[in-house]
Each structure stands twice: as structure tokens, then as C-alpha cells.
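Peer 1:
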Amino acid sequence: MRVLKTSAVLKVLLADGWMIVRQKGSHRQLKHPTKPGTVTLNGKPSSDIYGRELDSVQKQSGLEF
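Heads up: the sequence shown runs through residues 393 to 457, numbered per my numbering.
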């Protein structure tokens, strides 16, 4: 099972052009200027993302981590 840090996933999303449009607590919502939909990323930058949560971020963003 792949395990990534929230900060690493956020760095990849920002490099691909996603922008943080809303944040409440540790939940960030990102939008892309040309891609449809939003990506929701939760957790502190030092927390791990894996399993279904990582799959959900990949599906929402269209990226592979």
C-alpha cells in the first residue's frame, strides 16, 4: 500500500496548477483553472494519506501518485 504525506500530495497538486480556494481547519479544497471539479484534501501537512483517501484524491484530480 502506498503511503504519502499530505504535504507531498499538496506539492504535486499545486505544481499541476491546482489552487487552494477554501480551507476550514485541516480540510483544503482545490480547484483547477481548466479541469472540472474540486479536490478535497484533509489532514495536517505531516499526516499520512493512503488507501481509499489517496484513491479519492487521484480520481478527483486525474493524477497518479
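For every residue, glycine included, the Cβ atom is placed at its ideal position computed from N, Cα and C. The structure displayed is predicted, hence computed values, not measured ones.
1. Using a Cβ-Cβ cut-off of 7 Å (strictly less than) and excluding sequence neighbours within five positions of residue 409, which residues of its own chain qualify?
2. Quick one: what's got a C-beta closer than 8 Å to residue 394's C-beta in the same chain, skipping five residues either side?
3. Taking 8 Å as the line, does the beta carbon of residue 451 fall inside it for any heavy atom of the ligand FAD?
4. Please name the residue or residues paired with residue 419 in a DSSP beta bridge.
5. So, for residue 434: in the same chain, excluding its five sequence neighbours on each side, which residues have a beta-carbon less than 7 Å away from its beta-carbon?
Peer 2: Taking the structure as given:
1. 424, 425
2. 442, 446, 457
3. Summarising the ligand content, the structure contains no ligands, and the ligand FAD is consequently not present.
4. 416
5. 418, 419
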